[in-house]
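Trainee: As they're listed, the protein sequences go chains V and X.
Just so we're aligned, residue 1 is where the first sequence starts under the numbering used here, counting upward by one.
Just so we're aligned, residue 1001 is where the second sequence starts under the numbering used here, counting upward by one.
Each residue gets a CB set at the ideal place from its N, CA and C atoms; glycine is no exception.
Note that the structure is a prediction, hence the values are computed from the model and not measured.
Input: one structure, supplied below.
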Amino acid sequence: MAATAMRALGALLACVFALSAAPAAAADGQPPVQVRETEEGAIFTNSAGMTLYVFALENATPGKSKCYDKRYTIQSGRQFGTIPLPAPDTRKTCVQKWPPFLAAEDAKASGDWSLIVREGGARQWAYQGHLLYTSIKDRKPGDVNGEAINERERSAWMAAMAPLDFPPGFKLLRREEGLVLATADGRPAYVRRGGRLQRTSSQFSELLQPIAAPSFGRISGKWGIVDAGGLKQYAFNGEPLYVLPDGYTDADVENEGGWATAVYRRATPIPPQIHTRTTIVGKIYTTENGMSLYSFSCLESGAPDYLSCDDPGDAAVYWSALCGDAKECSRRWRPYRPTANARPSGEWTIQEVSDPLFIDPAGATALPGTPKVKVWAYRGRPMYTFVDDDEPGQILGHDINYFARSSFTAVRVPGPGLY
Amino acid sequence: MGSQPDGRAKVFRIGLLGGMAVLAGAAVGPAASQSPSGTIGLVITGWHHALFETDDVKNECSTGLNADDTTNAEAQANFQELRKKFGHPYSRGPNGELTNYSPMSVEDPIPASELLTKVGYGLNLDGTTDGRATPKTCKHEKFTSPDGVQVDNQLARVVGCTKGWRKSGFSDDFYNEEIYTNPVNRILIEITGVDDERNDPRVDVTIYKGEDRLARDPAGKYIPFLTQRIDGRLPEYTSKMRGRIVDGVLITDPDPAAVSRLPVRWIASTGERRIRDLQLRLPLAGPRPEGMIAGYEDSKVWWNIQKAHHIAMPAAQNSPPSQYRMLTRYADGYPDPKTGRCTAISAAYRISTVRAYIAHPTAPQQRLAAANTAASR
């Protein structure tokens, strides 16, 4: 099996590297972008450091924006026909939620960077044909809050990732420990650690297999190629890389002992008030007492602009549908309050949210003048506990959702799911 | 009771024997009443409400099948107003509430159909013959089983007239398909200390959460004697019971101190059941035993796993306002000391199982072998 795996992986990876340099900030008409390392990886930002995004709904129409400054009032769905959108008077437009990354008058297209003329005549930057936007969910440079944090959000917006200086066949995986090197098919790469193997090689061949490298080609930076008993093997930071064969999981590696994932960028530690716990829905974030933490997300999937509806000022019915009137919603979903000396860390920040979140269920959330409380937020999403959870690890608030619209979801720690 | 001192060693030996049987193409069903290994492994492959159903639902239900949420919504006087105001036909409450999360926010205009039949399936959980209140139960009406025993299954009154949970109903079919497709639903039963599969006065039974997939043969039957690994990441889904085997039927005793937790994945939603006084009645003969699991199911937790029903309500044909009121009204177990209202409901399910080799996570060699098996499926 070892030889088979080596051959398959070798074929996958065997080609000459074509290194591509990440564009740096430019001047004199060039795109005013930067590359910033984040917990999600290297991303393009504007000159202020704000993350740039692409809109997947535009993939079918390259070079043409589908994000307009138009306020829609009607939604349609296969099940329910055409019906009004809630709170249409206060509904934001796509441009309000996703401001286009506009170009200066003297901007000039260059290489992968092009300029698209929007309706109305403004010019917008595009990278490899994908129009670029910023997000109102981002509050400070380095935030990547515009990307979904769980599958329920079903967001069509993704951060514009800068190209990686990696050999072909490698990519990055987001896991609890940080960004981890992985093969193209999503298997994490491992390196040896000091621990003693629990099995002896006389009983079985080793579980983890070297990641085969081509015997020719150039390699640079932290990457290397080492000799693995006649075969060439990739290395990173001087450590040979290994991978699990198909069908094996993290648990098998743990049982094996003596291995660790190959971390490319270690995750920023989470605040002391945030803990983690493995539950039936996977490893999730909890309060310091072990109570499950939930985020609220919302998408108007029946609206032509496919906008999120979980920002302050969006329709309140997406809350009230799940928890009733303002008082009842406040009773069921309690903001997880930071302690007085709490400090943000990495993707965990401290925000203020309205409590109660709304007054009129047919109106908007977060009206001016409503009382505010401080709350822990993960990637810009306020964290809540659920009133029906009676004990640590219970997840009765998970997947409380309003069809393809709003949803409360237990917040998963990045990494592989249970199954 | 068995005398094997080391359960792990025992399980490993079964794995080897089973592997040889499969390689040799031999019949894999246990032919003799002796269980030489002392251990019987099972994995649950089917789970259905234990309902007494005739060909005509009107024989059992006062007005036939229940009207669903949409039908009730359209019968509400303010249906069009709510639809326009909140933008969704399922927003039935005054604040646009979905009824599965706020079932008390509105009443169904169409009265619910009541289960009238006196015949039902279940176990006698409270030990009475008349359903009178006891320190741990509320007064309730018993069913008489087809063999004349007074049994408890109040949950049947909550779901019995809902099309989705009846035979070939959408909810029942969907859940049972998800038992096949999703490892969240992997529930393993391990019976240890078995000296005689026909009669043994004392066996130990442990329910585990498993992590592997099931396999069916081309005819759609579950394949017996495959390896199923215990999911060591989720020890909270482990329950231990004592029992016995009488004339080939496993009978377990309730543990009054235990709350058994069982995982559930249903319609893209993951949750759990919490059952007190969990009991099994399981004829063990053959590779695919079928029997009953019963106990007092926590009402709040049970209602929580019904939340996926709002996605499926048109197909499932249930209406949460009526169903929730029935759940409250028929709850018959574990009264709240403050309010006196029962917090759990007697429930009984028909389960199907298939024999399996249960691999413990502490046995690394076996775990690797099981991983190979799983990878090849």
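For a minimum of 3 consecutive residues, which ranges assigned as the beta strand (DSSP E) are wholly contained in the segment 21-68 of chain V?
Mentor: Here the runs fully enclosed are 34-38, 41-45 and 53-55.
Trainee: Given that C309 of chain V touches chain X, what residues does it touch there, using C-beta distances under 8 Å?
Mentor: The premise fails here: C309 of chain V is roughly 11 Å from chain X at the closest Cβ pair, so nothing lies under 8 Å.
Trainee: The segment 1169-1196 of chain X: which residues have C-beta closer than 8 Å to a C-beta of chain V, in chain order?
Mentor: Going along the segment 1169-1196 of chain X in chain order, one finds N1182, P1183 and V1184 with a Cβ nearer than 8 Å to chain V.
Trainee: Spell out whether any CB of chain X is found under 8 Å from the CB atom of I400 of chain V.
Mentor: Chain X contact via Cβ: present.
Trainee: For R343 of chain V, tell me which candidate among V:V375, V:E300, V:D138 and V:A364 has the shortest Cα-Cα distance.
Mentor: Among V:V375, V:E300, V:D138 and V:A364, the Cα nearest to that of R343 of chain V belongs to V:V375.
Trainee: Considering only their Cβ atoms, is the gap separating N1078 of chain X from K1307 of chain X smaller than 8 Å?
Mentor: No, the Cβ-Cβ distance between K1307 of chain X and N1078 of chain X is not below 8 Å.
Trainee: By the criterion of Cβ-Cβ separation under 8 Å, what are the contact partners of P84 of chain V in chain X?
Mentor: Under the 8 Å cutoff, chain X gives K1084 and G1087.
Trainee: May I ask you to report which of helix, strand or coil DSSP gives V226 of chain V?
Mentor: Strand at V226 of chain V.
Trainee: Could you tell me the distance, in whole angstroms, from the CA atom of K1084 of chain X to the CA atom of G346 of chain V?
Mentor: When rounded, the distance between both Cα atoms is 43 Å.
Trainee: Could you check how far apart the C-beta atoms of A122 of chain V and V191 of chain V are, in whole angstroms? I think they sit under 8 Å.
Mentor: Not confirmed; about 49 Å, so no contact.
Trainee: Around the C-beta of A1075 of chain X, are 16 or more other C-beta atoms found within 10 angstroms, so that it is buried, or is it exposed?
Mentor: By the neighbour-count rule (16 or more Cβ atoms within 10 Å), A1075 of chain X is not buried but exposed.
Trainee: Taking Cβ-Cβ distances shorter than 7 Å, what residues in chain V pair up with G1096 of chain X?
Mentor: Here the neighbours are V317, S320, A321 and P361.
Trainee: Applying a beta-carbon distance threshold of less than 8 Å, which residues of chain X neighbour T287 of chain V?
Mentor: What T287 of chain V touches in chain X: nothing, since even the nearest Cβ is about 18 Å away.
Trainee: Run through chain X and tell me which residues come within less than 9 Å of L293 of chain V, C-beta to C-beta.
Mentor: The premise fails here: L293 of chain V is roughly 16 Å from chain X at the closest Cβ pair, so nothing lies under 9 Å.
Trainee: From S1319 of chain X to S1269 of chain X, what distance separates their C-alpha atoms?
Mentor: Roughly 19 Å separates the two Cα atoms.
Trainee: Whose Cβ in chain X lies nearer than 9 Å to the Cβ of V413 of chain V?
Mentor: Going along chain X, no residue has its Cβ under 9 Å from V413 of chain V, so there is no contact; the nearest lies around 13 Å.
Trainee: Can you look up M1326 of chain X in the DSSP assignment and give me helix, strand or coil?
Mentor: Helix.
Trainee: Would G1333 of chain X pass as a contact of A1344 of chain X if the rule is Cβ separation under 8 Å?
Mentor: Taking 8 Å as the Cβ cut-off, G1333 of chain X and A1344 of chain X qualify as a contacting pair.
Trainee: As a quick exercise: from V:R277, V:P371, V:L396 and V:R36, pick the residue whose alpha carbon is nearest that of K140 of chain V.
Mentor: It is V:R36 whose Cα lies nearest to the Cα of K140 of chain V.
Trainee: Pull up the distance between the alpha-carbon of N1095 of chain X and that of D325 of chain V, whole angstroms please.
Mentor: N1095 of chain X and D325 of chain V: Cα-Cα distance of roughly 6 Å.
Trainee: Would you call the CB atoms of E177 of chain V and A316 of chain V closer than 8 Å?
Mentor: Taking 8 Å as the Cβ cut-off, E177 of chain V and A316 of chain V do not qualify as a contacting pair.
Trainee: Using a Cβ-Cβ cutoff of 7 Å, what residues of the segment 260-288 of chain V are near chain X? List them in chain order.
Mentor: Going along the segment 260-288 of chain V in chain order, one finds T278, I280 and V281 with a Cβ nearer than 7 Å to chain X.
Trainee: With 8 Å set as the bound, which would you pick, yes or no: does the beta-carbon of Q75 of chain V sit closer than that to a beta-carbon of chain X?
Mentor: Closer than 8 Å to some Cβ of chain X, the Cβ of Q75 of chain V qualifies, so yes.
Trainee: Could you give the DSSP three-state label for V1249 of chain X: helix, strand or coil?
Mentor: Here V1249 of chain X sits in strand by DSSP.
Trainee: By the three-class DSSP mapping on this structure, what secondary structure does S201 of chain V have?
Mentor: Caution applies to S201 of chain V, whose pLDDT of 42 falls short of 50 and renders its modelled position unreliable; the model cannot decide the point.
Trainee: Among X:A1050, X:G1046, X:L1042 and X:T1162, which one has its Cα closest to the Cα of A998 of chain X?
Mentor: With chain X running from 1001 to 1377 in the structure shown, residue 998 of chain X is simply not present.
Trainee: Is it the case that the Cβ atoms of D355 of chain V and P368 of chain V are separated by a distance below 8 Å?
Mentor: For D355 of chain V and P368 of chain V, no; Cβs fall outside 8 Å.
Trainee: Could you confirm whether any beta carbon from chain X is found closer than 8 Å to the beta carbon of Y419 of chain V?
Mentor: True, the Cβ-Cβ gap to chain X drops below 8 Å.
Trainee: Just reading off the beta strand (DSSP E) that S297 of chain V is part of, what are its end residues?
Mentor: Per DSSP, S297 of chain V belongs to the beta strand (DSSP E) from Y294 to S297.
Trainee: Mapping the DSSP letters down to three states, classify W98 of chain V as helix, strand or coil.
Mentor: DSSP places W98 of chain V in coil when its eight states are reduced to three.
Trainee: Give the residues of chain X in contact with L208 of chain V, contact being defined as C-beta atoms less than 7 Å apart.
Mentor: Those within 7 Å of L208 of chain V in chain X number zero; the least Cβ separation is about 12 Å.
Trainee: At a threshold of 7 Å, does A228 of chain V count as lining the ligand ZN (C-beta to nearest heavy atom)?
Mentor: Looking at this structure, you won't find the ligand ZN or any other ligand, since it has none at all.
Trainee: Any idea what DSSP makes of G81 of chain V, helix, strand or coil?
Mentor: Reduced to three states, the DSSP call for G81 of chain V is strand.
Trainee: Who are the neighbours of L1434 of chain X on chain V, taking C-beta pairs under 9 Å?
Mentor: The requested residue 1434 of chain X does not occur in the structure, where chain X is confined to residues 1001 to 1377.
Trainee: According to DSSP, E1048 of chain X sits in a beta bridge with which residue or residues?
Mentor: According to the sequence as given, residue 1048 of chain X is His; it is not Glu. The partner list for H1048 of chain X (beta bridge, DSSP) reads X:R1350.
Trainee: Output, in sequence order along the chain, the residues in the segment 1236-1263 of chain X whose CB is closer than 8 Å to any CB in chain V.
Mentor: Listed in sequence order: E1236, Y1237 and P1263.
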